[in-house]
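First up is the structure itself, then whatever we jot down about it.
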Amino acid sequence: MNVCFQYRLYPSKEQECQFENTLETLRHLYNNALAERIDAYKHEGRTVKYVEQANHLPCLKHIALPLSEIYSQVLQDCLRRLDTAYQNFFRRVKAKREKSGFPRFKGVGRYRSFTYPSWNGSVKMDGNTLRLSKIGAVKMKLHRPLEGTPKTCTISRHADGWYVSIACEVEAKPLPKTGLDTGIDVGIETFATLSDTHEGIENPRHLKQAQAHLRRCQRKLERRSRYSGMGKERRLLSKQSKRREKAKFLLAKAHQRVKRARLDFHHKIASALVQKFDTLYVENLNISGMLRNHHLALAIADASWGQFFVVLKSKAERAVKTVVEVCPENTSQNCSSCGEYVPKALSCRTHSCPYCGLVLHRDKNAAENIRKIGRQKSANKEGRDTAIKRQREP
Numbered sequence: 370m371n372v373c374f375q376y377r378l379y380p381s382k383e384q385e386c387q388f389e390n391t392l393e394t395l396r397h398l399y400n401n402a403l404a405e406r407i408d409a410y411k412h413e414g415r416t417v418k419y420v421e422q423a424n425h426l427p428c429l430k431h432i433a434l435p436l437s438e439i440y441s442q443v444l445q446d447c448l449r450r451l452d453t454a455y456q457n458f459f460r461r462v463k464a465k466r467e468k469s470g471f472p473r474f475k476g477v478g479r480y481r482s483f484t485y486p487s488w489n490g491s492v493k494m495d496g497n498t499l500r501l502s503k504i505g506a507v508k509m510k511l512h513r514p515l516e517g518t519p520k521t522c523t524i525s526r527h528a529d530g531w532y533v534s535i536a537c538e539v540e541a542k543p544l545p546k547t548g549l550d551t552g553i554d555v556g557i558e559t560f561a562t563l564s565d566t567h568e569g570i571e572n573p574r575h576l577k578q579a580q581a582h583l584r585r586c587q588r589k590l591e592r593r594s595r596y597s598g599m600g601k602e603r604r605l606l607s608k609q610s611k612r613r614e615k616a617k618f619l620l621a622k623a624h625q626r627v628k629r630a631r632l633d634f635h636h637k638i639a640s641a642l643v644q645k646f647d648t649l650y651v652e653n654l655n656i657s658g659m660l661r662n663h664h665l666a667l668a669i670a671d672a673s674w675g676q677f678f679v680v681l682k683s684k685a686e687r688a689v690k691t692v693v694e695v696c697p698e699n700t701s702q703n704c705s706s707c708g709e710y711v712p713k714a715l716s717c718r719t720h721s722c723p724y725c726g727l728v729l730h731r732d733k734n735a736a737e738n739i740r741k742i743g744r745q746k747s748a749n750k751e752g753r754d755t756a757i758k759r760q761r762e763p
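Start counting the sequence shown at 370; every next residue gets the next number (the working numbering).
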């Protein structure tokens, strides 16, 4: 499997300028390639493919000199990103989604990373130094050893500086089997409720706790002028306000702190669950559809269930554990004891079954149903696999 290792970079002022120029050049390349595709479809009725645009790169280097200062595979990766955006657009159109999301032009500061898609020759690591083709040796903080075989290298710009993400192909690290399984019901009142415990995992609400500080940073940014000039006539000639740039940096740092705290929480919870259980049953939620509820959208986004599921699946795959997704339909409404349908509003937090007399918390009842459905799904899958093996036997 592939695992990504991220390290902090400490480039010199000259190297930082090279990073910025690379991102700006790639942004223009992306926008021009997108404009070429749009014009070709409008005027000629044909679709421009990645191979055609990549073959034009050697000629473009003689016309646009900044392109010649960037490694060729980095330019090709920029065009691959555009091609991937087009493929995702056509996939959404085919699925008949309401918002297909046609690829958009990148504004200033909207292109934040570039990738060396091949490790051999273009990227090398020498201790705490990262050597990049056409950029040079960049200092790096190697806070943990690199594992496996490096495949790709991505340089990205964050609020607090520059980082490198190295994707490596590593072998799995199986954890000891415990023979336990559990159903996980994610929510807002509690972040997650397990079917085998009575107490749920508390929701830290990182965004809600940081909202007061974020409001102050946002107000400070809005109060500061965009330009350092005072009069209207001088505004077009004056430079960008340094005080506003500083306030913008502080606001970005505050949002980054919330993002990292949330990701750290997800990693810790996922690690604990993978160590304790062999099989984890979760709901296959339509989170984008749930975000249309404007009363709960902020709380759902703050919990970030989608990111948690991605982290959980990744850790389970490396530990050779299993994550099974089940249909979320009526997991909160059906009784986990007798299976009867007991309708209840979202504000009702207690499940009380009039048929069998079961009384317990709504989320606990949902977690029990998720485990029951997951076990049945796993048993059906094992039965199908066994039948297929018997058919293949001579």
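The beta-carbon is built from N, C-alpha and C at its ideal position, and this holds for glycine as well.
Residue state for residue 455 is assigned as helix, using DSSP reduced to three classes. Here the stretch 728 to 735 lies against the stretch 550 to 566, with 3 or more beta-carbon pairs under 8 Å apart. In the three-state DSSP reduction, residue 500 falls in the strand class (E or B). For residue 386, the enclosing alpha helix (DSSP H) starts and ends at 382 to 408.
Residue 725 counts as exposed, since fewer than 16 other beta carbons sit within 10 angstroms of its beta carbon.
Apart from the 5 residues on each side of it in sequence, residue 498 sits with its Cβ closer than 8 Å to the Cβ of 506, 507, 508, 509 in its chain, given in chain order. In terms of Cβ geometry, residue 495 and residue 646 do not form a close pair [threshold 8 Å]. Residue 752 is classed as exposed because its beta carbon has fewer than 16 other beta carbons within 10 Å across all chains shown. Counting only runs that start and end inside the stretch 467 to 525, there is no alpha helix (DSSP H) element of at least 4 residues. Taken atom to atom, the span from the alpha-carbon of residue 546 to that of residue 483 is near 40 Å. Counted as a single uninterrupted DSSP element, the alpha helix (DSSP H) harbouring residue 424 occupies residues 419 to 424.
Around residue 678, the same chain offers 651 as residues with beta carbons nearer than 7 Å, after the five sequence neighbours per side are excluded. Residue pairing by DSSP places residue 531 opposite 378, 526 in a beta bridge. For the pair residue 723 and residue 675, the Cα-to-Cα distance works out to about 35 Å.
The continuous beta strand (DSSP E) containing residue 561 extends over residues 559 to 563. A distance below 8 Å between beta-carbons, with the five flanking residues on each side excluded, links residue 471 to the following residues of its chain, in chain order: 458. Taking C-beta atoms under 8 Å as the contact rule, residue 553 and residue 736 qualify, at a distance of about 7 Å.
Straight-line spacing of the CA atoms in residue 410 and residue 403 works out to 11 Å. In the three-state reduction of the DSSP assignment, residue 371 falls in the strand class, which pools E and B. In the three-state DSSP reduction, residue 610 falls in the coil class, being neither helix nor strand. Contact check between the stretch 626 to 644 and the stretch 575 to 595: three or more CB pairs, one atom from each, fall below 8 Å, which counts as touching. In the DSSP assignment, residue 649 falls within the beta strand (DSSP E) that extends over 648 to 652. In terms of Cβ geometry, residue 500 and residue 492 form a close pair [threshold 8 Å]. Spanning the alpha carbons of residue 515 and residue 371 requires a straight line of approximately 12 Å. Around residue 612, the same chain offers 593 as residues with beta carbons nearer than 7 Å, after the five sequence neighbours per side are excluded. Of all C-beta pairs linking the stretch 386 to 394 to the stretch 696 to 706, fewer than three are shorter than 8 Å, placing the two stretches out of contact. Your pair residue 728 and residue 690 does not check out as a contact, with CB atoms roughly 33 Å apart and the cut at 8 Å. When the five nearest sequence neighbours on each side are left out, the beta carbons in the same chain lying within less than 7 Å of the beta carbon of residue 692 are those of 649, 651, 681, 682, 685, in order along the chain.
Classified as buried, residue 556 has 16 or more neighbouring CB atoms from the shown chains inside 10 Å of its CB. Comparing C-alpha distances from residue 394 to each of 540, 670, 478, 640 shows the shortest one belongs to 478. Around the CB of residue 443, 16 or more other CB atoms lie within 10 Å, so the residue is classed as buried.
When 448, 456, 636, 414 are compared, the shortest CA-CA separation from residue 396 is found for 448. Around the Cβ of residue 440, a 10 Å sphere holds 16 or more other Cβ atoms; the residue is buried. For residue 622 and residue 528, the gap between their C-alpha atoms comes out near 6 Å.
Taking all protein chains in view, the Cβ of residue 696 is surrounded by fewer than 16 other Cβ atoms within 10 Å, so the residue is classified as exposed.
Rounded to the nearest angstrom, the gap between the Cα atoms of residue 742 and residue 709 is 14 Å.
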